[in-house]
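Engineer: If you're matching positions, the sequence shown starts at -7 in the numbering used here and goes up one per residue.
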Amino acid sequence: SPYEPELLRAHVVGLRGLDLATLGTARRLETLGGRCCNTVAATALARDKTATENALRAGNVPRPITVTLASWEEVRSLAAAGSVVVKPFAGSRGAGVVDGGPGGGSLPKREPFPGPFVVQDRVDGDGIDRKLYVVGETVRGVLRGWPPETLAAKRGTPFEPNEKERGLALATGRALGLELYGVDVLYGRDGPVVVDVNAFPGYKGVPDAAGLLVRHLTQAARQREVACAS
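1) Does the count of Cβ pairs from the stretch 40 to 53 and the stretch 21 to 31 closer than 8 Å reach three?
2) Would you kindly work out how many angstroms separate the C-alpha atoms of T130 and R102, rounded to a whole number?
3) Counting C-beta neighbours from all protein chains within 10 Å, is the total for E171 16 or more, i.e. buried, or is it exposed?
4) Can you tell me the Cα-Cα spacing of A212 and V4, whole angstroms?
5) In this structure, does DSSP put N190 in helix, strand or coil?
6) Would you list, in sequence order, the uninterrupted beta strand (DSSP E) runs of no fewer than 3 residues that lie entirely inside the stretch 146 to 187?
7) Grouping DSSP H, G and I as helix and E and B as strand, with all else coil, what is V4?
8) As a quick exercise: from G203, Y195, A202, pick the residue whose alpha carbon is nearest that of Y125.
9) Tell me the rounded alpha-carbon separation between D113 and R8.
10) Comparing alpha-carbon positions, which option in A82, V76, A72, E65 lies nearest I57?
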């Protein structure tokens, strides 16, 4: 990549909004000693829904039942037995999510996006999406209705996560190796569950996000300086 020389001179590089192919450049950067936030491995893991599911289950992070299916016919057949939400395999930040409704009645007859399809049991809660945004060990919360239809709704309402929510967010990060990430939490009959994870989100609605990110990235840069000097 023509950008690699410039990137190598950077103390730290934030990885945000990259597709899996572009992550190859960042992977080469890491092999040459570059410091990425998040790491390439953690970023790629968070983009792979099946790998994310396996890692979260291994980390005992509560999740709705989630499976990956190859065909839309399989999705419609499974949805007929209950209420599900369907997501793109490599999607992020809620893009392309389809709510199947009771018995899959709201699912289109034809696939709305290419497979494979991630099918998740629908969580019937209070209709509020609790966005937990994490920077290192700091957790901030934003409440949003779904789907958000206005700019104000997208920004949501800041709230202070309780200890259970904070623990859930940090357990998610440990399971995936993330340091900058967002966790979507819904409350079901059995309590809070993680329904989605995004590496390096936009931190929309978090009042002190800029300061938190600057401090974290500055600390990461200083740690790299020390490592390079030793």
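Ideal Cβ positions, reconstructed from N, Cα and C, are used throughout, including at glycine. Small disclaimer: the values here were computed from a predicted structure and weren't measured.
Structural biologist: The relevant details are as follows:
1) no
2) 42 Å
3) buried
4) 7 Å
5) strand
6) 149 to 151, 172 to 180
7) coil
8) Y195
9) 28 Å
10) V76
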